[in-house]
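Here's the structure, in structure tokens; my notes come after.
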Amino acid sequence: MNTQDSHTAPAPGVTLLVNGTRHHLAIGPEVTLLDALRERLNLTGAKKGCDLGQCGACTVILDGKRVNSCLVLAARAQDRPITTIEGLAADGRLHPLQQAFITHDAFQCGYCTPGQIMSGVALIEEGRGHDEAEIRKHMSGNLCRCGAYANIIAAIREAAART
Amino acid sequence: MSLIGQPLPRVDGPDKVTGRAHYAADFPADRMAHAAVVQSTIARGRITGFDLAEAEQVPGVLAILTHRNAPRLGKIPEIPPVDPVGTPEHPLQDDLVLHQNQHIAVVVAETLEQARWAASRVRVSYAPEPAVIDMQATLRHARPASKDEISAKPGNVGRGDADATLASAAVTVDSLSVMERENQNPIELHATTAQWDSDGERLTVWDKTQWVQSCAKHLGAAFNIPPERVHVIDPFIGGAFGSSLRVWPHTYIAAMAAKVVGRPVKLVLSRREYYGGTGARPWTQQRVRLGADRDGSLQAIRHEVTAENSRYEIYTENVLKATPILYRCRNVDLPYRVALRDVNSPNAMRGPGLATGVYALELAMDELAVALKMDPLALRLRNIPERDQMKDLPFSSISLEQCLTEAASRFGWDRRNHQPGSMRDGRLQLGWGMAVSNYPAEKVKATARARVTAKGEVHVATASSDMGPGTWTSVTQVAADTLDLAMEQVKLSIGDSALPMAPVHGGSMTISSIGPAVRDACEKLRGAVYGAAGVNTGDILEIARRIGRDFEAEGAFDPGDLEERFSMEGFGAVFAEVTVDPDTSEIRVRRITGAYGIGKVVNPLLARSQCIGGMMGGIGMALLEQTEIDRRSGRFVNGNLAEYLVPTMADTPALDVTFVPEEDRNVGGLGTKGLGEIALVGVAPAIANAVFHATGKRLRHLPMTPDRLAMA
Numbered sequence: 001m002n003t004q005d006s007h008t009a010p011a012p013g014v015t016l017l018v019n020g021t022r023h024h025l026a027i028g029p030e031v032t033l034l035d036a037l038r039e040r041l042n043l044t045g046a047k048k049g050c051d052l053g054q055c056g057a058c059t060v061i062l063d064g065k066r067v068n069s070c071l072v073l074a075a076r077a078q079d080r081p082i083t084t085i086e087g088l089a090a091d092g093r094l095h096p097l098q099q100a101f102i103t104h105d106a107f108q109c110g111y112c113t114p115g116q117i118m119s120g121v122a123l124i125e126e127g128r129g130h131d132e133a134e135i136r137k138h139m140s141g142n143l144c145r146c147g148a149y150a151n152i153i154a155a156i157r158e159a160a161a162r163t
Numbered sequence: 001m002s003l004i005g006q007p008l009p010r011v012d013g014p015d016k017v018t019g020r021a022h023y024a025a026d027f028p029a030d031r032m033a034h035a036a037v038v039q040s041t042i043a044r045g046r047i048t049g050f051d052l053a054e055a056e057q058v059p060g061v062l063a064i065l066t067h068r069n070a071p072r073l074g075k076i077p078e079i080p081p082v083d084p085v086g087t088p089e090h091p092l093q094d095d096l097v098l099h100q101n102q103h104i105a106v107v108v109a110e111t112l113e114q115a116r117w118a119a120s121r122v123r124v125s126y127a128p129e130p131a132v133i134d135m136q137a138t139l140r141h142a143r144p145a146s147k148d149e150i151s152a153k154p155g156n157v158g159r160g161d162a163d164a165t166l167a168s169a170a171v172t173v174d175s176l177s178v179m180e181r182e183n184q185n186p187i188e189l190h191a192t193t194a195q196w197d198s199d200g201e202r203l204t205v206w207d208k209t210q211w212v213q214s215c216a217k218h219l220g221a222a223f224n225i226p227p228e229r230v231h232v233i234d235p236f237i238g239g240a241f242g243s244s245l246r247v248w249p250h251t252y253i254a255a256m257a258a259k260v261v262g263r264p265v266k267l268v269l270s271r272r273e274y275y276g277g278t279g280a281r282p283w284t285q286q287r288v289r290l291g292a293d294r295d296g297s298l299q300a301i302r303h304e305v306t307a308e309n310s311r312y313e314i315y316t317e318n319v320l321k322a323t324p325i326l327y328r329c330r331n332v333d334l335p336y337r338v339a340l341r342d343v344n345s346p347n348a349m350r351g352p353g354l355a356t357g358v359y360a361l362e363l364a365m366d367e368l369a370v371a372l373k374m375d376p377l378a379l380r381l382r383n384i385p386e387r388d389q390m391k392d393l394p395f396s397s398i399s400l401e402q403c404l405t406e407a408a409s410r411f412g413w414d415r416r417n418h419q420p421g422s423m424r425d426g427r428l429q430l431g432w433g434m435a436v437s438n439y440p441a442e443k444v445k446a447t448a449r450a451r452v453t454a455k456g457e458v459h460v461a462t463a464s465s466d467m468g469p470g471t472w473t474s475v476t477q478v479a480a481d482t483l484d485l486a487m488e489q490v491k492l493s494i495g496d497s498a499l500p501m502a503p504v505h506g507g508s509m510t511i512s513s514i515g516p517a518v519r520d521a522c523e524k525l526r527g528a529v530y531g532a533a534g535v536n537t538g539d540i541l542e543i544a545r546r547i548g549r550d551f552e553a554e555g556a557f558d559p560g561d562l563e564e565r566f567s568m569e570g571f572g573a574v575f576a577e578v579t580v581d582p583d584t585s586e587i588r589v590r591r592i593t594g595a596y597g598i599g600k601v602v603n604p605l606l607a608r609s610q611c612i613g614g615m616m617g618g619i620g621m622a623l624l625e626q627t628e629i630d631r632r633s634g635r636f637v638n639g640n641l642a643e644y645l646v647p648t649m650a651d652t653p654a655l656d657v658t659f660v661p662e663e664d665r666n667v668g669g670l671g672t673k674g675l676g677e678i679a680l681v682g683v684a685p686a687i688a689n690a691v692f693h694a695t696g697k698r699l700r701h702l703p704m705t706p707d708r709l710a711m712a
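If you read the protein sequences in the order shown, they are chains A and B.
Taking full-length UniProt numbering, the leading residue of the first sequence gets 1, the next gets one more, and so forth.
Taking full-length UniProt numbering, the leading residue of the second sequence gets 1, the next gets one more, and so forth.
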């Protein structure tokens, strides 16, 4: 945890490192990472579905780990690398999981999809993408009301096999 | 090869997997202000005062609106087929509190955090009045729905003499069941961004709505401007399941707030605020009495529903729509009753009415099969209707028998031991159940426009929407197929009230209505291009480029007198396998097989997704979903996504979907019947019947939670 004494207090605000770009935001300590991304940086790929850490639509990758960005204060994410759905295909080529979601029709309305994909990318990194029981267990924090789960499982398995 | 019927990936897939698909709360605007609502904390009474001192002190607050200072709204219209009968909430117009979590004030501030904090600092005083919330108390005052209240629901017409026939029938069952209130809970929160132009004469709204043009009409009426001056935009809907059919109070509030502060205002309801700020599938109690001969031939059905309602509006739905047509039966009685309580008005949720009614009917049919010592499948097959006995019309097509036999075969139903409690997997009780599914193949007037430019680009437009079924893709397929182009060559525009007239995006009628309108527009476009070139074949892009000008054509669909000539219905059959833990009463669904006869399938890949989604929704309805309202306070006890349980990936069983071939030349349009609702309708009863088969215990209460099963 960063601690600052009064002699070296930083400029007010928060510096976020999002998809490889550094942003300084004049925001207070009460702003969540999700609201900083959506309302300050116009990165609206991360979705708000509950604001309570119950649905997973806001999942982003922080320091290599998936987090519900609605439960992380932006100030706690200061200077730590953040990847959002917008940064996943930064070079213009879809990540294998993004492509697999299209191939397997792993969504309908698409609203939970950025969160599902970020969670799935992290899950594959965690080495859990090959086993269906593991996928089911470790993706159940990402709700899909359209009920595309069966296709999401297929998409994750295919992407895991390719990576 | 025709593009219709091809399993093509979604044309909007790349936007949805990269975060580029913009939903109602995703549109930026210069100088955006943020709004947060204040909701009532009593169920009934009057507001006697607001103490705004603390809220006004919060930095960044631009305005606080209550009924004392909010702009006056005009009368909000009642637009069929969506709006119920009665007086809709006119938000911030008076001191009346009609239900808990009613919006009674709104705070507008520079930032979202300031708005929400200030909203939490608004103090409200009330003069509460006694509220009736408890359903059992409410039921004592239930009354028949009036003709006006159910006029649009033709399913309520009975025939013959059910009571007399029941009294003399060889075998009867009497099944009383309850279904709890359910919330649609799309993952997208309800949101509105409203912006007035500088002279206050034009309003632009990015709104979560299934009907952009109705939204424009409602807002126009409320703000006393012509609907053409209201521009409603919603290209992507993050799921709705009925929750965005109506224009809810917060949409007016966002527009009021934007008007007062003279800036664009974004208002997003929180998940908790959503439960009182919109609607829900109503709590219902149903009593189904069946009378049959010893061979299983149905002789009488009496199907009565009592549905919860608010005190300010009456919402009725097609609970009794399937009952008079699903089985051959001469005597049918269909009373519809309403029970009013101090809650927010219910509204349509996926498979509205039919999901409720078919549950009770199919539960009773299963009970009848048990009483007759008959295979439940054989009972259905014995009673398949030859024609629609209610409308006295032939079906445009009916594949119910094919659905039943095909699904049974895929499921392996012939290996079922019909004795309840007879099948096991180790210590777990195993149950197989089945049910029929049905939904009307509705279609209404729609229009579309097609244009080819001198540069050789094709644009197709209609004011429909896509909440997930795949309108973007299926309509592009229709256009590309008609014009003999590749999918990538057609650019589609939807979700915008300025586009050609389209009906509400709901009721499983989107592709059946706008599909033929788009085809008509494209055929006329091709005719115009060929006519100008004096040819009757060729690539319209090349011809348009050669001639060097744009061509445009309007297309339309009108079902005309189809409904007078045919009864148009989709049918299906659903089979489910469950396990029940005898110690904990936990029910798990292991697999579901569904077969559907829904006419032409435009895109089998997307159609399968709709069906597996309907199956997951049915699992939620059967086992998990209930909106719990505290019977004293009227508050939503589980108004969030951790305590209102919805199915997760861990709940996903093996799902098997099949479409029986059904070429319907009578149903009009593209030959489609719609799929969104029928995919849900039969699932919960199939699971409920499987639970009986596993345990021998008849639980007539959804959801079938472990405590309810243990007590059954």
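For glycine and all other residues, C-beta sits at the position ideal for the given N, C-alpha and C.
The structure displayed is predicted, hence computed values, not measured ones.
Query                                                                                                                       : Result
Nearest candidate by alpha-carbon position, reference residue 48 of chain A, set A/22, A/21, A/110, A/97                    : A/110
The stretch 12-46 of chain B: positions lying closer than 9 Å to chain A by Cβ                                              : 12, 13, 14, 15, 16, 17, 18, 19, 20, 21, 22, 23, 25, 26, 27, 28, 32, 34
Proximity test, Cβ basis, 7 Å: residue 437 of chain B and chain A                                                           : no
Interface positions of the stretch 171-203 of chain B facing chain A (Cβ-Cβ less than 7 Å), listed along the chain          : 185, 186, 187, 188, 189
Simplified DSSP state of residue 309 of chain B, which is helix, strand or coil                                             : strand
Nearest residue (CA-CA) to residue 194 of chain B, options B/427, B/293, B/390, B/258                                       : B/258
Check whether residue 431 of chain B and residue 696 of chain B have beta carbons under 7 Å apart                           : no
Span separating the alpha-carbon of residue 283 of chain B from that of residue 14 of chain B                               : 40 Å
Local conformation of residue 610 of chain B per DSSP, three classes                                                        : helix
Check whether residue 433 of chain B and residue 689 of chain B have beta carbons under 7 Å apart                           : yes
Short-range partners of chain B found in the stretch 56-82 of chain A, where Cβ spacing is below 8 Å                        : 57
In chain order, each beta strand (DSSP E) run of at least 3 residues that lies wholly inside the stretch 147-202 of chain B : 171-179, 191-196
DSSP state of residue 426 of chain B mapped onto helix, strand, coil                                                        : coil
Beta-carbon proximity list for residue 444 of chain B, same chain, < 7 Å, skipping 5 on both sides                          : 503, 509, 513, 559
Rounded straight-line distance, which links the Cα of residue 579 of chain B to that of residue 694 of chain B              : 7 Å
Beta-carbon proximity list for residue 206 of chain B, same chain, < 6 Å, skipping 5 on both sides                          : 24, 27, 193, 233
Beta-carbon gap between residue 109 of chain B and residue 34 of chain B smaller than 7 Å                                   : yes
Supposed contact pair residue 553 of chain B and residue 528 of chain B - C-beta distance, whole angstroms, cut 8 Å         : 6 Å
Contacts of residue 649 of chain B in chain A (Cβ-Cβ under 8 Å)                                                             : 135, 136, 139, 140, 142, 144, 149, 152, 153
Per-residue contacts from residue 59 of chain B into chain A (C-beta, under 7 Å)                                            : Per Cβ cutoff of 7 Å: no residues; residue 59 of chain B is ~10 Å from chain A at best.
Chain-ordered residues of the stretch 110-136 of chain A with a beta carbon less than 8 Å from chain B                      : 110, 111, 112, 113, 114, 117, 135, 136
Interface residues of chain A facing residue 678 of chain B [CB-CB closer than 7 Å]                                         : Residues of chain A passing the Cβ test: none, with the nearest at roughly 15 Å.
Nearest residue (CA-CA) to residue 36 of chain B, options B/270, B/539, B/447, B/682                                        : B/270
Beta strand (DSSP E) segment containing residue 128 of chain B, residue limits                                              : 123-128
Beta carbon of residue 306 of chain B nearer than 7 Å to that of residue 179 of chain B                                     : no
CB contact below 7 Å: residue 163 of chain A versus chain B                                                                 : no
DSSP bridge partner residues for residue 432 of chain B (one or two, in chain order)                                        : B/577
Of the residues B/439, B/22, B/467, B/625, the one placed nearest residue 571 of chain B, counting alpha carbons only       : B/439
Short Cβ contact (7 Å threshold) for residue 302 of chain B with residue 289 of chain B                                     : yes
Own chain, CB closer than 6 Å to residue 235 of chain B, minus 5 neighbours either side, in chain order                     : 495
DSSP-derived helix/strand/coil call for residue 277 of chain B                                                              : helix
Any C-beta of chain A under 7 Å from that of residue 642 of chain B                                                         : yes
Minimum Cβ-Cβ distance from residue 42 of chain A to chain B less than 7 Å                                                  : yes
4 or more residues per run - each alpha helix (DSSP H) lying fully within the stretch 312-339 of chain B                    : 323-326
heavy atom of the ligand FMN below 6 Å from residue 24 of chain A C-beta                                                    : With respect to the ligand FMN, the structure offers nothing, as it holds no ligand at all.
Contact between the stretch 292-299 of chain B and the stretch 68-75 of chain B (3+ Cβ pairs under 8 Å)                     : no
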